[in-house]
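Chains as they are written, first to last, in the numbering used here: chain G, 1 to 335; chain B, 336 to 670.
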């Protein structure tokens, strides 16, 4: 028995390549006093991880070279030196990209599989769901009858943003990659429309889909989607800035002339509010979020989809696909 | 006796040229029932007027070709067909760039010259002062000990922003054009420092002047000042976007690569709040503003400076100078 883990071998320039990572086989660690040994069941892959691969200042420190890539996991306790956690308990912890971890028993969070499938604690009822809920409600502040545009609408965050905006009585237009995702977003998730960002006429398509302009844009993409959205903002529109996945692999600025003056002029003349946020800014709303979204899931008003990849050996390829929009739903690696 | 007025002869491309305007001599208009004839004493020149010379949608309609350029004025009533307004009253009205206007008596606002010099109703106690007060307090929300950076610090708005930020206990760094203005901003207005935006080392100068980073940036300039400010924002910094004077005459985008991704990444990772505003969004705070700022002027805590040009014939040149930062204090034309 051994532990397989993936470490950061070198920092990617642009797209992460297989050679930037190293799959290692090491001994299973031994828990000390007050610690547990946890075996990973599900590992969450999320776009923010691309930022952690870079050096330089950000809101969280980078992953060090030769260190295990970080990730939140759902794990099973297989050994415990704490009276508070029993073998067989299913817990949320931060094992990273590996099969086993030792964790402080005080820092793991027990999950109750009878309440919801445990994988949801990494998705709709976890960090991505909280991101959607808090960013939309605190910053987007959607009002009945307004138009809300959601990028990456089939993704773990976007899907929840749009469904909550529908519950709030908004007209909701998604943007996603390809006809299959767009169909899912409209037919399954109940958005009013969904546009394919691969369309050559995205800007025109979006204008047609938003005849009353855009009041809220949940920004997690950047790039050409953002360019299509910018001209359509109504006065006093709100833009929660949650991610910039289109730019995460960029190693150079776009060669087109600097459009910053256009953006600042729009902010000024349309009185736009752009506000960036990180989910950890809103931990205090976790209780409200869980209660409310769990209720909506039970009522069938919020649906979710998971894209589950099997085995640690497929983790790097799955993450590479995530940055290209190849996943369809919340991306998880099942061990 | 006749009325001299300046009309928009053609729309400027880039910098407004003398040929874009026409000085006309016309008959003095005759007030109807309920109207007054008002003779301009002071005419306010403000950067936003550049935007009104352009066609195309904005927050206010453009000035039509052959129409009188708009402006708020302090005027003396020289004829009245209303019992509410007497000949000799000094009023605030919207005469535009001309010597005489006819106005609805209900729409002029009487001024009391014993309370404050009437010119201040176009500056520190008028629209520029309200812009400074509401933008800083509602959006900037400066807290004691924070660092506030103010562009165009010797201008009608910036000077008031910085002095209010000092009253709120902040470290205040101004940016202005040339050593004379910078000296005035520090010695007269009491800012902690003021940097010359013409310096080749502006970015380094600003970094040195803001050792604890920037918490509030009152943005009314854009361009290279904004570029110098952007890297220095602290997490959760607030940026009221009030103007973009560096770009008002621009007819092309800057040729450098598109920096929008840098701006959006900063908004995201530093959780910045950019919010545009127009002074009219905050008319409801006019009473609080007047009471509070009048008090600060009486106490000597807020100082102001006016740059008075004489005669309607100098209006166009004065406005051209305003866009180049040639004025020193609130720019007024005295008839």
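For each residue, glycine too, the CB sits at the ideal point set by N, CA and C.
{"Item": "Any C-beta of chain G under 8 angstroms from that of residue 394 of chain B", "Value": "yes"}
{"Item": "Unbroken stretches of the alpha helix (DSSP H), 4 residues or longer, contained in the segment 529-558 of chain B", "Value": "537-544"}
{"Item": "Test: residue 110 of chain G CB closer than 8 angstroms to a CB of chain B", "Value": "no"}
{"Item": "Short-range partners of chain G found in the segment 571-588 of chain B, where Cβ spacing is below 8 angstroms", "Value": "576, 577, 578, 579, 582, 585, 587, 588"}
{"Item": "Of the residues B/388, B/489, B/495, B/570, the one placed nearest residue 341 of chain B, counting alpha carbons only", "Value": "B/388"}
{"Item": "Assigned secondary structure, residue 251 of chain G (DSSP; H/G/I helix, E/B strand, else coil)", "Value": "coil"}
{"Item": "Chain-order list of residues whose beta-carbon lies under 7 angstroms from that of residue 542 of chain B (same chain, five-residue window excluded)", "Value": "567"}
{"Item": "Partner residues on chain B for residue 275 of chain G, Cβ-Cβ distance less than 9 angstroms", "Value": "602, 606, 607, 608, 609, 610"}
{"Item": "Own chain partners of residue 438 of chain B with C-beta closer than 6 angstroms, once the 5 adjacent residues on each side are dropped", "Value": "371, 373, 428"}
{"Item": "Check whether residue 212 of chain G and residue 147 of chain G have beta carbons under 8 angstroms apart", "Value": "yes"}
{"Item": "Expected contact under 8 angstroms - CB spacing of residue 349 of chain G and residue 332 of chain G to nearest Å", "Value": "Residue 349 of chain G is absent from the model: chain G starts at 1 and stops at 335."}
{"Item": "Assigned secondary structure, residue 124 of chain G (DSSP; H/G/I helix, E/B strand, else coil)", "Value": "coil"}
{"Item": "Own chain partners of residue 150 of chain G with C-beta closer than 6 angstroms, once the 5 adjacent residues on each side are dropped", "Value": "158, 161, 162, 174, 218"}
{"Item": "Cβ contact (3+ pairs, closer than 8 angstroms) linking the segment 593-606 of chain B and the segment 272-288 of chain G", "Value": "yes"}
{"Item": "Continuous alpha helix (DSSP H) stretch holding residue 266 of chain G: start and end", "Value": "260-269"}
{"Item": "Reduced DSSP secondary structure (H/G/I, E/B, other) of residue 517 of chain B", "Value": "helix"}
{"Item": "Sequence-distant residues of its chain with Cβ nearer than 7 angstroms to residue 58 of chain G (five each side left out)", "Value": "51"}
{"Item": "Proximal residues to residue 215 of chain G (C-beta, below 6 angstroms), its chain only, five neighbours per side dropped", "Value": "146, 147, 234, 237"}
{"Item": "The segment 309-323 of chain G touching the segment 11-24 of chain G, judged by at least three CB pairs closer than 8 angstroms", "Value": "yes"}
{"Item": "Beta-ladder partner(s) of residue 72 of chain G, from DSSP", "Value": "BP columns for residue 72 of chain G are empty, so no partner."}
{"Item": "Contiguous beta strand (DSSP E) assignments of at least 3 residues, all confined to the segment 354-415 of chain B", "Value": "356-361, 370-379, 408-415"}
{"Item": "Nearest to residue 296 of chain G (by Cα), restricted to the options G/109, G/129, G/184", "Value": "G/129"}
{"Item": "Under 7 angstroms (Cβ pairs) to chain G, residues found in the segment 379-394 of chain B", "Value": "393, 394"}
{"Item": "CB contact check: residue 595 of chain B to chain G, cutoff 8 angstroms", "Value": "yes"}
{"Item": "Any chain B beta carbon closer than 8 angstroms to residue 70 of chain G", "Value": "no"}
{"Item": "Residue 462 of chain B versus residue 176 of chain G: straight-line alpha-carbon distance, rounded", "Value": "45 angstroms"}
{"Item": "Own chain partners of residue 244 of chain G with C-beta closer than 6 angstroms, once the 5 adjacent residues on each side are dropped", "Value": "222"}
{"Item": "Residue-level contact to chain G via CB, residue 598 of chain B, 8 angstroms cutoff", "Value": "yes"}
{"Item": "Neighbour-count burial assignment, residue 56 of chain G, 16 or more Cβ in a 10 Å radius", "Value": "exposed"}
{"Item": "Beta-carbon neighbours of residue 591 of chain B, restricted to chain G and to distances below 8 angstroms", "Value": "257, 258"}
{"Item": "Backbone secondary structure at residue 83 of chain G - three-state DSSP", "Value": "coil"}
{"Item": "Start and end residues, beta strand (DSSP E) containing residue 571 of chain B", "Value": "568-576"}
{"Item": "Which of helix, strand or coil DSSP assigns to residue 99 of chain G", "Value": "coil"}
{"Item": "Length at least 4, wholly inside the segment 126-181 of chain G: the alpha helix (DSSP H) runs in chain order", "Value": "127-134, 158-167"}
{"Item": "Rounded straight-line distance, which links the Cα of residue 124 of chain G to that of residue 294 of chain G", "Value": "9 angstroms"}
{"Item": "Chain B contact for residue 215 of chain G (CB, 8 angstroms cutoff)", "Value": "no"}
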